[in-house]
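Here the sequence shown stands for residues 305 to 555, where the numbers follow the working numbering.
Cβ atoms here follow ideal geometry from the backbone N, Cα and C, with glycine treated the same way.
What you are looking at is a predicted structure, and each value in this text was computed from that prediction instead of being measured.
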Amino acid sequence: LPICARAYLQLGRYRELIDAVSADGLAPRTRAEVLAARGSALLELGQMFDAEQAFAAAKDADPASPAGWTGMTILRLRQGAPVEAGQESERAVDLGPNDAEAWNALASVAHETGRSDEALTAYARALENDPRLLAARLARAGLLLDLDRLDEAGADIEYLRKEYPVEPRAMLLRALWLQRRGETDAARTALADTGAVLKAVPRETMERFPALLLVSGLTHSALGELERARDDLARYLELAPDNPGRSEEHT
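Okay, structure coming up:
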């Protein structure tokens with residue numbers, strides 16, 4: 305994927321990606337990846353029909369690329385269609401057996417449908433291919449925490465602390481993990497640190513990444529700052545009505 309398209313996605317600058325990054329004149333594989341990136345941006349902007357068209361175009365641009373199938377997996381999950389999402393994700397990993405994003409998409413479907421063992425296997429494959437894939441690392445840590453597998457969750461949470469020290473979603477997971485371990489004072493400190501980081505995030509950035517609003521709402525609720533929690537959660541539900549979230553969003 306061209307660096308500029310990847311950067312726009314990571315920064316939440318979705319409209320700029322759509323306006324500035326064209327797929328015209330590119331080689332088939334790169335064209336497919338750019339079209340899929342445009343689809344992901346459209347999806348985050350709530351333009352579901354246009355996102356579906358972009359992912360379909362990515363499939364057509366290079367039938368051997370997993371990019372369009374991976375993107376379509378996330379779209380189908382957002383649409384509440386797990387069976388179709390599963391079919392898309394299976395095709396993605398068939399086409400990209402070493403593609404971390406494809407494996408993460410497959411894991412996401414298993415996670416959403418309560419197949420924890422399958423999800424963990426697929427997250428492991430994603431992270432073998434890209435240990436720094438934040439979405440997969442966060443999602444696996446959250447799932448292990450939900451399963452009360454605290455030692456395994458701790459390994460991912462420690463990795464996140466070292467590699468992404470001020471990532472609010474990782475910080476909240478660490479606070480929850482400490483609480484589950486009975487380390488109440490450390491958990492309270494970690495929660496306060498998470499709140500401090502979130503307070504420094506501009507509102508505009510929060511609204512580009514609705515998952516941060518969810519994390520902020522949960523964090524401020526736990527800190528007893530209920531007005532801020534209500535505001536953040538209400539705005540999250542406005543921006544992501546079909547994506548209520550769990551211990552960590554991976555899409």
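Per the C-alpha coordinates, the member of E405, D398, S369, Y318 positioned closest to I378 is E405. One alpha carbon belongs to T488, the other to A526, and they sit about 13 Å apart.
Within the same chain, no Cβ atom closer than 6 Å to the Cβ of Q391 is found once the five residues on either side in sequence are excluded. Between the alpha carbons of D536 and L522 lies a distance of about 9 Å.
Contact between L321 and A340 is absent: CB atoms are separated by about 12 Å, not below the 8 Å threshold. In the displayed model, S525 falls within a helix according to three-state DSSP. The beta carbon of R419 lies closer than 7 Å to none in the same chain, with the five residues before and after it left out.
Taking the CA atoms as reference points, A457 sits about 16 Å from L437. Non-local beta-carbon contacts of R534 in its own chain, meaning distances under 8 Å to residues more than five positions away in sequence, involve G521 in chain order.
Contact check for P469 against V519 fails: the beta carbons are separated by 7 Å or more.
Under the 10 Å beta carbon count, S344 is surrounded by 16 or more other beta carbons and is classified as buried. In the DSSP assignment, Q391 falls within the unbroken alpha helix (DSSP H) covering 386-399. Two segments are said to touch when three or more pairs of C-beta atoms, one from each, lie closer than 8 Å; by this definition the segment 474-486 touches the segment 447-457.
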